[in-house]
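As given, the protein sequences belong to chains L and Z, one line each in that order.
The first sequence finishes on residue 341 if you use this note's numbering, and the numbering steps up by one all the way, no holes.
The second sequence finishes on residue 348 if you use this note's numbering, and the numbering steps up by one all the way, no holes.
Cβ atoms here follow ideal geometry from the backbone N, Cα and C, with glycine treated the same way.
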Amino acid sequence: MAAPKVAVVGAGVIGLSTALCIVEACPSCSVTVLSDQFSPNTTSDVAAGMLIPHTYPGTPIHMQKQWFKETFTYLFAISNSAEASEAGIHLVSGWQIFRSTPKEELPFWSDAVLGFRPMSEAELQKFPQYRFGQAFTTLKCDCPPYLLWLEKRLKAAGVQTYNRKVSDLWELHSEYDIVVNCTGIGAHQLVGDKKLFPVRGQVLKVYAPWVKNFIRDGDGLTYIYPGIHGVTLGGTREKESWSLSPNPDTTKDIFDRCCSLEPSLREAQDIKVKVGLRPSRQSVRLQREVLSQGGVKLPVVHNYGHGAGGFSVHRGTAKEAARLVGECIAALRGSSPGAKL
Amino acid sequence: MRVAVIGAGVIGLSSALCIHEQFHGLVSSLELEIYADCFTPHTTSDGAAGLWQPYLSDLGNLQETLWNKETFDYLLGHLHSPAAQEMGLFLLSGYNLFTEPVPDPSWKNIVLGFRNLTPKELELFPGYSYGWFNTALMLEGRSYLPWLTNRLTQRGVKFFHKKVESFQELFSQGVDVVINCSGMRSGELQPDPELQPGRGQIIKVLAPWVKHFIITHDVKSGIYKSPYVIPGSEFTVLGGIYQHGNWSEENSAQDHKTIWESCCRLLPALQKAKIVSEWSGLRPSRPQVRLERESIRHGNVQGEVIHNYGHGGFGITIHWGCAMAAARLFGSILQERRKVASSPQPRL
Chain L
1 MAAPKVAVVG AGVIGLSTAL CIVEACPSCS VTVLSDQFSP NTTSDVAAGM
51 LIPHTYPGTP IHMQKQWFKE TFTYLFAISN SAEASEAGIH LVSGWQIFRS
101 TPKEELPFWS DAVLGFRPMS EAELQKFPQY RFGQAFTTLK CDCPPYLLWL
151 EKRLKAAGVQ TYNRKVSDLW ELHSEYDIVV NCTGIGAHQL VGDKKLFPVR
201 GQVLKVYAPW VKNFIRDGDG LTYIYPGIHG VTLGGTREKE SWSLSPNPDT
251 TKDIFDRCCS LEPSLREAQD IKVKVGLRPS RQSVRLQREV LSQGGVKLPV
301 VHNYGHGAGG FSVHRGTAKE AARLVGECIA ALRGSSPGAK L
Chain Z
1 MRVAVIGAGV IGLSSALCIH EQFHGLVSSL ELEIYADCFT PHTTSDGAAG
51 LWQPYLSDLG NLQETLWNKE TFDYLLGHLH SPAAQEMGLF LLSGYNLFTE
101 PVPDPSWKNI VLGFRNLTPK ELELFPGYSY GWFNTALMLE GRSYLPWLTN
151 RLTQRGVKFF HKKVESFQEL FSQGVDVVIN CSGMRSGELQ PDPELQPGRG
201 QIIKVLAPWV KHFIITHDVK SGIYKSPYVI PGSEFTVLGG IYQHGNWSEE
251 NSAQDHKTIW ESCCRLLPAL QKAKIVSEWS GLRPSRPQVR LERESIRHGN
301 VQGEVIHNYG HGGFGITIHW GCAMAAARLF GSILQERRKV ASSPQPRL
């Protein structure tokens, strides 16, 4: 098998970063990205892209920590380079606040972000209804810029992208040697994963360029994330809701909650509403599988189910997926001469 | 009682507002007038980035440290008011960088969350081995000065676009008290060899991905001679020029090169920033702020002057504390006049 043909299905942050990691790890591979949606219409485009991890109950903490650290290190280098603005990566400082002191005062990622420490009394005075808080500096990946930058890097590496709806992974078996499934919430339908469920998030993107610090309620429901071209105000976590239509009552509620944390947001302009379905799962499905039909085999690498933490761990999981692709290639090469190619 | 303020930068406007707020109700027929030959957006205050941060050392000027603190606390109190955005007031976090350890500044407990930088943070800034992180305030002149002007106009304060040539000129017109907030050109009203220009030049760019201020320090060279990056609500200011004794307000190509190259080296992400404009201004520098009363007599013309000038590169940082001190001095003038007016003996 001279040049393994790899199809990556999905063009959100997971699909694009996985494709890039594959081509970096295996330059001789021919990698193609197939998706029915590209930026600015992916779930990733709705997310603020803040590097604040979500905890997966089913994944070992040391692994989540490693994925986060790898992702942080990778983006940190870009943020400090001339490419930062094009890639949409920038540092941002702020506060995570709690109405009552959390059980876990030090999250597993506290030493991976910058300058993590408890908030001082003076800082907490800005939030009279909150008793405890953490101050730190982290990274933000703005979309569309980050996805467009990834697409540009892929193109430069010879990766083709096609707008195509894949209804069944098997339909790819004749054109590709290995399929990588980065379909996010689409995996519910595509591979029938019933453990995958949507957590609907509605956000507002507003123009309020004087807001330079992030503010996040530790309950994860109310947050203010300043980006390059707008501030993302959130949000909601509606389990099992599949609706992509903005809810006007929710819009008002989000706006009011954010204004109570940052009153100057009352002057925000150009309010846009977006909805995304977090592809949620107890653990990220990051594993190999071999599909077979009538004696023909199709190796598949799954990399989906990142829920609320996609950006935070994307590079780490993409590298692991690329490693699994490498295992698939080795397995294919090690097979009998009668196997494909 | 006619009071004339000379100067419409941050010092003049805030002094006027502070005096009017405190005494308008107490003094019948208080007429407040502002005289200036230049108004926003053409004042020195308009060129400043607007970051609240005093110099590294207060040089024993405890008074000035107190005025700085009063200003910070006053502004912090306005942060959640509906006026904040209109005032150009918002929180901003950022970095102060050094090539060697330095003592903590006088303002470490005034700002929010002051701490030393961690080794990982210092990795962002090769060449710097020590630093601070804190959250401070931005007060943008381009918004604050118009806001002050609106408040004053609403209160019936009159503005005169006029270059005042002497204090006597105003006294002979019937002005009782002059508040001298003429900044860099105070020397034209009364010679002051201690007042010297600290010329600065800045480049304004579009770089909305920059969310922190970054101020580097070269302790041997002196303040503002080392690159700094300060993001505003719309533009980011790049600077790092301080030339003592240089009166030129022309942009220098050499300074442009110095600022651009040093700031891009400091923050590589700036390389793609679009340059929007460039500006030079003169910081009204003085070993300490001149904030004091003076009785001026010239022939049969006399009056009281309250000097409030010489705020160097920290005018925005110290303005409200000075305005209140000027108002206190005004209060003492009023008190003296009342005593004389109510005295049973005939006026001499």
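Self-check item: Distance between Val229(Z) and Gly12(Z) (C-alpha atoms, nearest Å)
Solution: 27 angstroms
Quiz item: Is any beta-carbon of chain L found at less than 8 angstroms from that of Leu348(Z)?
Solution: Because Leu348(Z) sits at a pLDDT of 49, beneath the cut-off of 50, its placement in the model cannot be relied upon, and the following sentence gives the value as read from the coordinates. No - not a single Cβ of chain L is within 8 angstroms of the one on Leu348(Z).
Exercise. Could you tell me if Val166(L) is buried or exposed, where buried requires 16 or more neighbouring beta carbons within 10 angstroms of its beta carbon?
Key: buried
Self-check item: Identity of the residue in Val305(Z), Ser93(Z), Trp132(Z), Cys263(Z) nearest Lys272(Z) by Cα
Solution: Cys263(Z)
Practice problem: With a threshold of 16 other CB atoms inside 10 Å of the CB of His173(L), please say whether the residue is buried or exposed. | Solution: buried
Quiz item: Mind checking whether Trp132(Z) and Asn96(Z) have CB atoms under 8 angstroms apart?
Solution: yes
Exercise. Could you check which residue in Glu194(Z), Leu76(Z), Ile179(Z), Trp209(Z) has the C-alpha nearest to that of Ile306(Z)?
Key: Ile179(Z)
Quiz item: Would you call the segment 42-50 of chain Z and the segment 136-151 of chain Z touching, i.e. three or more CB-CB distances under 8 angstroms?
Solution: yes
Quiz prompt | Cα-Cα separation, Val3(Z) to Leu32(Z) | solution = 5 angstroms
Quiz prompt | Alpha-carbon spacing of Thr99(Z) relative to Ser226(Z), whole angstroms | solution = 11 angstroms
Self-check item: Nearest-angstrom beta carbon gap, Ile254(L) and Leu233(L) [assumed within contact, 8 angstroms]
Solution: 6 angstroms
Quiz item: Thinking C-beta only, is Arg286(Z) closer than 8 angstroms to Gly321(Z)?
Solution: no
Quiz prompt | Contact with chain L by Pro268(Z), beta-carbon distance below 8 angstroms | solution = yes
Quiz prompt | Burial state of Phe160(Z) (16 or more Cβ within 10 Å) | solution = exposed
Practice problem: Report yes if the C-beta distance between Val284(L) and Thr317(L) is below 8 angstroms; otherwise report no. | Solution: yes
Exercise. Could you round the C-beta distance between Ser93(L) and Thr137(L) to whole angstroms and report it? I think they count as a contact, below 8 angstroms.
Key: 4 angstroms
Quiz item: Which ranges would you report for the beta strand (DSSP E) in the segment 29-66 of chain L if only whole runs of at least 3 residues count?
Solution: 30-35
Exercise. Determine the burial state of Gln254(Z): buried for a count of at least 16 other Cβ atoms within 10 Å of its Cβ, exposed for fewer.
Key: exposed
Quiz item: Quick one: Cα of His256(Z) to Cα of Val111(Z), how far?
Solution: 31 angstroms
Practice problem: Please work out which residues of its chain come closer than 6 angstroms, Cβ to Cβ, to Leu329(Z), disregarding the five sequence neighbours upstream and downstream, and give them in chain order. | Solution: Arg293, Ile306
Quiz item: Among the residues of its own chain, which have a CB less than 7 angstroms from the CB of Lys195(L), if the five just before and after it don't count?
Solution: Arg281, Gln282
Quiz item: Along the segment 183-212 of chain L, what residues have a CB closer than 9 angstroms to any CB found in chain B?
Solution: Note that chain B does not occur in the displayed structure, where the protein chains are L and Z.
Quiz item: CB His90(L) to CB Lys211(Z), shorter than 8 angstroms?
Solution: yes
Quiz item: Between Glu262(L) and the rest of its own chain, which residues show a CB-CB distance below 7 angstroms, the 5 nearest in sequence each way excluded?
Solution: Val211, Ile215, Ile224
Quiz item: If you draw a straight line from the C-alpha of Leu286(L) to the C-alpha of Ser277(Z), how long is it?
Solution: 50 angstroms
Quiz prompt | Neighbour flag for Val33(L) against chain Z, beta carbons, 8 angstroms | solution = no
Self-check item: Assumed close pair Gly94(Z), Ile214(Z) - CB separation to whole angstroms, cut-off 8 angstroms
Solution: 6 angstroms
Quiz item: Under 7 angstroms Cβ-Cβ, which residues of chain Z neighbour Arg153(L)?
Solution: Here the premise fails: no neighbours, minimum Cβ distance about 16 angstroms.
Practice problem: Note down, in chain order, every chain L residue with its Cβ under 9 angstroms from the Cβ of Leu51(Z). | Solution: Chain L residues near Leu51(Z): none, gap ~12 angstroms exceeds 9 angstroms.
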